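Count along the sequence shown from 1, then add 995; that gives the number in my numbering.
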Amino acid sequence: MSDILQLVKDKNPGEHEFHQAVMEVLASIKPVMDQNPAYRKAKILERIVEPERVILFRVPWMDDKGEFQVNRGFRIEMNSAIGPYKGGLRFHPSVNLGILKFLAFEQVFKNSLTTLPMGGGKGGSDFDPKGKSDMEVMRFCQSFMMELFRHIGPNTDVPAGDIGVGGREIGYLFGMYKKLRNEFTGVLTGKGLGWGGSLIRPEATGYGAVYLAAEMLATRNKTLEGQRCLVSGCGNVAQYTIEKLLDLGAKPVTCSDSAGYIYDEAGIDREKLAFLMDLKNVRRGRIKEYADQYPSAVYTPVDPTADFNPLWNHPATCAFPSATQNEINGKDAQNLVKNGVMAVSEGANMPTTPEGIDIFLEHKVLYAPGKAANAGGVAVSGLEMSQNSQRLSWTREEVDRKLHNIMKSIHHTCLSAAEAYGTPGNYMNGANIAGFVKVADAMLDQGLV
Ligand code: NDP
C-alpha cells in the first residue's frame, strides 16, 4: 500500500490534505485488499485515487466599486461508479486543488455509505464571501455558474453547499443555471423550499452527526441526556448540531468562528441559539458578539501561534468538531481525553489529524469519522434529488425519519465492517471499508473505465 501512497504524493506534490485522506483510507482497507486479489489485478486503488475529471476555470466578476476581480473555480469529478458525481461547493480563501481533492475523495466513500446511488465530487473557489455585499456574492455566483453549467446536470453532477455556500449562494447559482440551460431541474441541492428544496436539508448534517453520536453512546448504554458537549464552528453544521443536542437534552457549551470561540458555562439554550442563527445567517456578524450579548459566556480569540486550541480543553463528555479540517491535533485530542470525552462525532470533514485519531482509538473513545458522522447532509441531498425526480415533496417528519434511519444504518454498517475485518468498535476502519467495497465492486463490474 505504501507504493500507492508514494504514487499519490509524486503525482500530487504539496497536496498534503489529499495525501492525509488517502493515507487514512489505505491503512483501513489493507485487510480488504489482502483478501481480494481481484481488486489489485484491476488496479482499483490506482484508479480510485485519480479523479475521473478535474475542471479548473477563471471566474471574473465586478465588485461594488466597479473594479474587476478574478478568482479561480474548481470542480473535481472524483468517481461516478455508483451514481452521478455529488458533493458540495466551498467558497473560502484557503480553497486549492489539494483541499478539494481530499474533500472529493472523502465524498466517494461517504456517499457510498449513505446507501443512496451517488458518486463523489467536490468543487468551489478561493472567493471569500466574508465582508462582500449580497450583490457582489450574486455577481460572483453568476460568473462561477457561467462556466460550471456546461459540466453539471441532474444525471451528471449535482453540487450542493459547503463552507461559505449556503441558501443564498445556492439560489444565485441555481438562477443562473436555469437561465443558461432554459430548464428547471434538480441540478443543485440545498435549494429553497419554494423552488425544489427539501425540508430538513439545512438541518441534515448537524442532526445526522448527533443521531450518530446517540447510536454510538447507546452501545455503552448511555444517552445524550445531560451530556456536556463541545461544538466548534457556528455555521450550518454547528447550528443544527446544537439544535438537535438541545432536542435530546444535552448541554452544548461552546461554538466558534475562525477568529475565536465562546464558552458559555450556562449552556447555549434555544433563545441563545436563535440569537446565534440571526447573528450568523442574517446579520453575518462574528461570534464575539455572542459574549457581548450573554454575560455567562467568555470569548477567547484564536492564537495562531498556539500548539493547541483551548476550545477542546473544557470538561465535556462529547465533542462535535463542525468547522474545518485538522482542527483537532494530537494535543487537543489528549486534552479531550484528559477532560473525560466519551464520544467524538465529526460534523466537519477530516477535522482530526492522524495523531489525534490515534489518541482517540488508543483511549477507546467512540470516534465517528466525518465520512460517517456528517453523511446525513449528502443523504438528504440524495432525498432532495429523489423528490425532484418524482416532482413531489415529503413532509418534515418523513424526511427526518429517513435521515434518522440512514444514520442508524451507517452506524450499523460501520460496526459490522469493523468487526468483520478484525477491528471491532473501530468506526473509522468500518466506514472506510464499507464505503470502499461498494465502490470497488461497482468499478470491477464496469470494466476498465
Ligand atoms: P459554514 O460556512 O456554514 O460554517 C463554517 C464555520 O466554520 C464558520 O463558523 C467558520 O468561521 C468556521 N471556519 C471555516 N473555516 C475555518 C478555518 N479555516 N478555521 C477556523 N474556522 C473556520 O460551513 P458548514 O457549516 O457548511 O461546514 C462546516 C464543516 O462541515 C466543513 O468541514 C464542511 O466541509 C463540513 N460539512 C458540511 C456539510 C453541509 O451540509 N453544509 C456536509 C458535510 C460536511 P468563519 O465564519 O470565521 O469563517
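For every residue, glycine included, the Cβ atom is placed at its ideal position computed from N, Cα and C.
Just so it is clear, the structure is predicted and the values come from calculations on it, not from any experiment.
Taking 8 Å as the cut-off, the C-beta of residue 1098 counts as close to a heavy atom of the ligand NDP. Look at residue 1070: its beta carbon is at least 8 Å from all of the heavy atoms in the ligand NDP. Of the other Cβ atoms in all chains shown, fewer than 16 fall within 10 Å of the Cβ of residue 1387; this residue is therefore exposed. Residue 1205 has its CB no nearer than 8 Å to any heavy atom of the ligand NDP.
Ranking 1253, 1204 and 997 by CA distance to the CA of residue 1232 puts 1204 first.
Residue 1220 counts as exposed, since fewer than 16 other beta carbons sit within 10 angstroms of its beta carbon. Using a Cβ distance threshold of 9 Å, residue 1214 and residue 1243 do not count as a contacting pair. The straight-line gap separating the alpha-carbon atoms of residue 1273 and residue 1114 is approximately 34 Å. Taking 9 Å as the cut-off, the Cβ atoms of residue 1188 and residue 1168 do not count as close. By the neighbour-count criterion, in which 16 or more other beta carbons inside 10 Å mark a residue as buried, residue 1248 falls on the buried side. One thing to note: residue 1344 has its Cβ within 9 Å of the Cβ of residue 1101. The Cβ atoms of residue 1149 and residue 1135 lie no closer than 9 Å to each other. Going by beta carbons, residue 1046 and residue 1072 fall inside the 9 Å limit. Remark: C-beta atoms of residue 1291 and residue 1261 approach each other more closely than 9 Å.
In this structure, residue 1373 and residue 1106 form a Cβ contact; the two beta carbons are roughly 6 Å apart against a cut-off of 8 Å. Between the region 1318–1331 and the region 1292–1300 there are fewer than three C-beta pairs closer than 8 Å, too few to call the two in contact. Between residue 1119 and residue 1160, the CB-CB gap stays under 9 Å. For the options 1287, 1056 and 998, the alpha carbon positioned closest to that of residue 1021 is the one of 998. Its chain contains 1195 as the residues whose beta carbon lies nearer than 7 Å to that of residue 1395, once the 5 sequence neighbours on both sides are disregarded; these appear in chain order.
If you check the CB distance, residue 1425 and residue 1411 come in under 9 Å. Closest in C-alpha terms to residue 1165, from the list 1133, 1142 and 1151, comes 1133. Rounded to whole angstroms, the gap between the alpha carbons of residue 1381 and residue 1391 is 15 Å.
The beta carbons of residue 1443 and residue 1033 sit no closer together than 9 Å. Membership of residue 1074 in the beta strand (DSSP E) is indicated by the continuous run 1063–1074. Counting C-beta pairs closer than 8 Å gives three or more between the region 1420–1437 and the region 1023–1030, which meets the contact rule. For residue 1416, the secondary structure class from DSSP, reduced to helix, strand or coil, is coil. Secondary structure remark: continuous alpha helix (DSSP H) runs of at least 4 residues inside the region 1161–1241, in chain order: 1162–1176 and 1196–1213. Rounded to the nearest angstrom, the gap between the Cα atoms of residue 1077 and residue 1399 is 22 Å. For residue 1430, there is no enclosing beta strand (DSSP E); the enclosing alpha helix (DSSP H) has its first and last residue at 1422–1441.
Relative to the ligand NDP, the beta carbon of residue 1158 is positioned inside 8 Å of a heavy atom. The criterion of a C-beta distance shorter than 9 Å is satisfied by residue 1140 and residue 1172.
If you check the CB distance, residue 1275 and residue 1342 do not come in under 9 Å.
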